[in-house]
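Colleague:
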Amino acid sequence: MNERLKRLKVKARDLDQKSYRQSQPLNILSDINAQNLTWMRRMAHLTARQCQAEVPIIDPDEQIVFTRTLPAEIPEVYTPEQWQELTTGRTIHESGPINNLSPDWGMVLSQGLLEQKQIALDGVMNCQNDPEKLDFYESAIITIDSVIELANRYAKEARRQNRMDLVEVLQQVPARPAQTFREALQSLRLLHSVTHLIGHYQIGLGRFDQFMWPYLRSDLHEGRLDMEQAYDLLAEFFISLNKDSDLYPGVQQGDNGQTITLGGVDQNGQTAVNELTRLCLRVSRDVSMIDPKINLRITADTDLELLSLATELTRKGLGFPQYSNDDVVIPALVKHGYSLEDARDYAVAACWEFIIPGKGMEVVNIGALSFPAAVDRALRDGLLAGEEMAGILDRVRTEIEYQVNHLAQTYEKLILPPAPFFSVLMSDCLSEGKDLSKGAKYNNFGIHGAGSANAADALAAVQEFVFNQRSIKPEDLIAALDQDFQGWEDLRVTLAGKAPKVGNDDDRADTFLVTLFNMFADACEAYGTTTLGGIIRPGSATAMYYIWLTQGFEDMREPIVGATAEGRQSGKPFGANLAPTQGVQIRGPFSVLLSFAKIDYQRIYNGGPITIEISDSVFRDRDSIQKVAMLVRTFAQQGCQQLQLNSMNLETMLDARAHPENHKNLIVRVWGWSGYFCELTPEYQDQIIARHIYAFD
Amino acid sequence: MRRGLIFDIKEFAIHDGPGIRTTVFLKGCPLACMWCHNPEGQSATPQILRNPGGERLVGEYITSDDLAGRLNRQAKIFKQNGGGVTFSGGEPLMQSAFIAEVITLLDDIHVLLDTCGYGSSDDFRHLLKKVDLVYYDLKLMDPELHQKFTGRDNSLILENLTVLSQSGVPFVIRVPLIPTITDTTENLSRIANRIQNLPGLVKVDLLPYNQSAGAKYEAAGMRWQPDYDEKKPVTANLKIFTDLGINVGVK
Ligand code: SF4
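In the order they appear, the protein sequences are chains S and G.
All letters in the first sequence, in the order written, are residues 43 to 739 by the working numbering.
All letters in the second sequence, in the order written, are residues 4 to 254 by the working numbering.
#1: Could you list the residues in the stretch 638-659 of chain S with a C-beta less than 9 Å from some C-beta on chain G, going in chain order?
#2: Tell me the DSSP bridge mates of residue 587 of chain S?
#3: To be precise: take each residue of the stretch 667-701 of chain S, compare its Cβ to all Cβ atoms of chain G, and keep it if any distance is under 8 Å. Which residues remain?
#4: Looking at the C-beta of residue 113 of chain G, does it have a partner C-beta in chain S at a distance below 8 Å?
#5: Which of helix, strand or coil does DSSP assign to residue 734 of chain S?
#6: Given that residue 176 of chain G touches chain S, what residues does it touch there, using C-beta distances under 8 Å?
#7: Only counting the same chain, and skipping five residues up and downstream in sequence, which positions put a Cβ closer than 7 Å to that of residue 424 of chain S?
#8: If you measure between the beta carbons of residue 109 of chain S and residue 71 of chain S, is that distance less than 8 Å?
#9: With 8 Å set as the bound, which would you pick, yes or no: does the beta-carbon of residue 12 of chain G sit closer than that to a beta-carbon of chain S?
#10: What distance in whole Å lies between the Cβ atoms of residue 217 of chain S and residue 182 of chain S, which are believed to be in contact at a cut-off of 8 Å?
#11: Measuring CA to CA, which of G:18, G:10, G:35 and G:82 is closest to residue 156 of chain G?
#12: Using a C-beta to C-beta distance shorter than 9 Å, which residues of chain G count as neighbours of residue 636 of chain S?
#13: Confirm, please, whether the CB-CB distance from residue 98 of chain G to residue 7 of chain G is below 8 Å.
#14: Applying a beta-carbon distance threshold of less than 7 Å, which residues of chain S neighbour residue 18 of chain G?
#15: Flag residue 22 of chain G as yes if its beta-carbon sits less than 8 Å from any beta-carbon of chain S, otherwise no.
#16: How would you label residue 257 of chain S, buried or exposed, when you count the other beta carbons within 10 angstroms and need 16 or more for buried?
#17: Under DSSP, the alpha helix (DSSP H) around residue 670 of chain S begins and ends at which residues?
#18: In three-state DSSP terms, what is residue 690 of chain S?
#19: Where residue 161 of chain G and residue 358 of chain S are concerned, what is the direct C-alpha to C-alpha distance, given to the nearest angstrom?
#20: Is the separation between the beta-carbon of residue 603 of chain S and that of residue 462 of chain S shorter than 8 Å?
#21: Could you check where the beta strand (DSSP E) with residue 207 of chain G kicks off and where it finishes?
#22: Buried or exposed, going by whether 16 or more other CB atoms sit within 10 Å of the CB of residue 200 of chain G?
#23: Would you say residue 54 of chain G faces chain S, with C-beta separation under 8 Å as the test?
#24: Could you check how far apart the C-beta atoms of residue 592 of chain S and residue 554 of chain S are, in whole angstroms? I think they sit under 8 Å.
#25: Quick check on the DSSP output: the alpha helix (DSSP H) that includes residue 148 of chain S runs from which residue to which?
#26: For the stretch 21-48 of chain G, which residues have a CB atom closer than 8 Å to at least one CB atom of chain S, in sequence order?
#27: Can you name the residues of chain S whose CB is closer than 7 Å to the CB of residue 15 of chain G?
#28: Along chain G, which residues have their Cβ under 9 Å away from the Cβ of residue 547 of chain S?
#29: Could you have a look at residue 130 of chain S and say whether DSSP puts it in helix, strand or coil?
#30: For a cutoff of 8 Å on Cβ pairs, would you count residue 214 of chain G as touching chain B?
#31: Between the Cα of residue 231 of chain S and the Cα atoms of S:281, S:524 and S:77, which residue gives the shortest distance?
#32: Under a CB-based cut-off of 8 Å, is residue 83 of chain G close to chain S?
#33: Consider the Cβ of residue 206 of chain G: report whether some Cβ of chain S lies at a distance smaller than 8 Å.
#34: Do residue 98 of chain S and residue 210 of chain S have their beta-carbon atoms positioned less than 8 Å apart in this structure?
#35: Is it a yes or a no for the stretch 267-285 of chain S touching the stretch 484-504 of chain S, going by three-plus beta-carbon pairs under 8 Å?
#36: Can you tell which of S:239, S:680, S:594 and S:302 has the C-alpha that lies nearest to the C-alpha of residue 725 of chain S?
Listed below in structure tokens is the structure:
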């Protein structure tokens, strides 16, 4: 990286941009209430006012501009009473606005906003008798005008600073089609920032190497850019994503959903890896910041060279790329109603969920199924009733169905705020005259499947000691659980240490893992179609639920569980995503992959990675990069779905816990995203340290 | 069916041969090298390791059937990635009949034998018929020094080197570089001279001294008393080998 890029990185890390920040959010409420606007118009008005209030900031080092000056808080468009009235009896998803999606960036960059405006203008002409459509189209036009106006003010500021290079770019985009790589990056930077500016969050950057490559290719071809200049621009763009991200905190700082998805196949199923794919990996490796978070789509045939390049990021401890296996993901999506063309175009949402950019109003994280809670109830009731394992499993099935139905029914009442500007960025909203909040081509929900290994281990332990060996009495087990193993330490050690465990390629435990996921899939399939016209997608992730489901969280819809029969004490976290129960002795990464390869990923397809920690000592010799790349390939060859491979130095993390001031830039993988270790709260830091104590070396 | 005594099975072993492998560590070794960093591999019986954090039984008897079964589950991974199984130790030759039986039960898996060469030549010859690659340790060429630092002289090891080179099995010579002991011009030159022109020699790997070698002695109830300066940097004089046209690298 050259000096300019280094300066930009330091400024972003030091949050220099904060000095430009306005102290107060706008207050637009009295204004819009006085005009008595529809909800749609209120959202358009919000977009317009936020854009107007932005103050153009141009750093002399920047070639790609936009710095957010408005604070994190998004102005209200309703009073609390009005909001109450609007949403009573309805379900609000998280904090409300549409989130965790990826627009059709390729379309909007290549066509420009003015072309979208033309579609809306035609719409207005053609739907004079349809007030709802009219409301949508007119609102969309307001938002488009306000974003172009914001770009114009940036252009004006650029002219004032005599930055004619920037003036030229900003006169073209985002209003008109991007013609160069730089224009495309600028357009994306501005549009992506506006989505956050108006309250959307965890908005992904989709298949960046696909929709950006044509611009770079023609620049290279026409001699407008060489690879070094391309590197420079891309690095600046990546750094820019770290600039305002303190405004997008998520559940923990860093959980901001700024993901990109690289590689994969094109619409014909041919490999889509290109020069930009590799450039993104190289730039990300060198920039070494938490955003953008990279997902790499691979197959069993992906070449080791690309995997080795990706592994260099793992070696740096960035916690990405996360890998998805096209061989598994694409057919599963097709099986569940996605067209082949769309399935081939999937991207990864904020963490791991597979979505089709521009095409879906999917809520892929409506909550989590707690496998351990289901198993815990079934075990207690079943053992008390004197049942054998078959009876207990019947009860598990009932509990799983109950939890799935509860979440799905809750989301039947989902209400989403209108999103006229976000609709402009989607593939079909304007042509169909339908706001995104009213649905799109795909309207599915996703549920995480949390604590699967813990729950399977609990069943395996009961099978082993209560039924096979008959060495633990059912009433003792229940008493021990009730007392959180106080006074039952020997029993706890037996359960935790001597039973078969998921992650060891041991069918005595893995069979329960498979059964649990099949029951989850059965429950989702049995639920059928929602009133929104979608289905329920079961997944294998935990998100933050590995902690929430054991410690509780305000207003959580999921059940909390205390001590569990795999020997886990109350309050201790579950494994993150697909990982063995924490603290279990595991044979090694092959066995972990072989265990989790047994899950039927054609039915469990919402995403959720196998998570493997390897010690950084693995990387001590030259061959190691290629061999870790082989491990990644093994994951795909075994037919697994998603992989998260992390490499860390335990001592460094312990030192960072004690002396955070020395480790400001230490990056770790948290659940579906990477963050700065020192910016996490202690319970998340502890869980990551505990994970790495058991890293493979 | 035979039983063997092992002290670890390590998956994704990436420093133990081509591709990605699983290494089986056999317990028991006839030598007692002063720099041995696996002291728990030396005794041929199960033993308790006592660490500040607690106790752990090291050494597990396993049947050839069970071991082969476990390894066979990973056969596809090995095959697709140019990897396989490595038998290491301790000293695998001490349990050569067991290993031979395990190999017979494997599903066409690449096998690497990592040996110090101290064992019955007949056993070795027999085992060589079943393995694909050998890592052969040469430590010291001087018999007296060898006796002093490993507890045995090296005549058997040098004899077995001849057996190896006549077997047709490709092999890699591995030399641990112990400062001032094995890492001397004299010793390395003698090694180079002995192995040049041996049929089957693929290359020489020089293994720089591991400064944490002493870490496990106390836990194993043994005394760590290196008779050399651990801190001294290794010289790793590659030229001694390249001059003789021997392919050499530092690991
Ligand atoms: S030959 Fe290997 S295992 Fe045996 S004592 Fe020497 S270093 Fe240790």
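Positions of the beta carbon are idealized from the N, C-alpha and C atoms, including for glycine.
Modeller: With the given structure in hand:
#1: 656
#2: DSSP lists no beta-bridge partner residue for residue 587 of chain S.
#3: 669, 670, 672, 673, 675, 676, 679 and 680
#4: no
#5: The three-state reading of DSSP puts residue 734 of chain S in helix, counting H, G and I together.
#6: Ordered by position in chain S, no residue passes the 8 Å Cβ test against residue 176 of chain G, which lies about 18 Å from the chain.
#7: 433, 434 and 437
#8: no
#9: yes
#10: Not confirmed; about 15 Å, so no contact.
#11: Out of G:18, G:10, G:35 and G:82, G:35 has the C-alpha closest to the C-alpha of residue 156 of chain G.
#12: 76, 77 and 80
#13: Pairing residue 7 of chain G with residue 98 of chain G gives a Cβ-Cβ distance under 8 Å.
#14: 663
#15: yes
#16: buried
#17: 666-679
#18: strand
#19: 44 Å
#20: No. Outside cutoff.
#21: 204-211
#22: exposed
#23: No, no contact with chain S.
#24: With a Cβ gap of about 20 Å, residue 592 of chain S and residue 554 of chain S do not count as contacting.
#25: 147-153
#26: 22, 23 and 25
#27: 630, 631, 632, 673 and 738
#28: 73, 76 and 77
#29: coil
#30: No chain B appears in the structure shown, which is made up of the protein chains S and G.
#31: S:281
#32: yes
#33: no
#34: no
#35: no
#36: S:594
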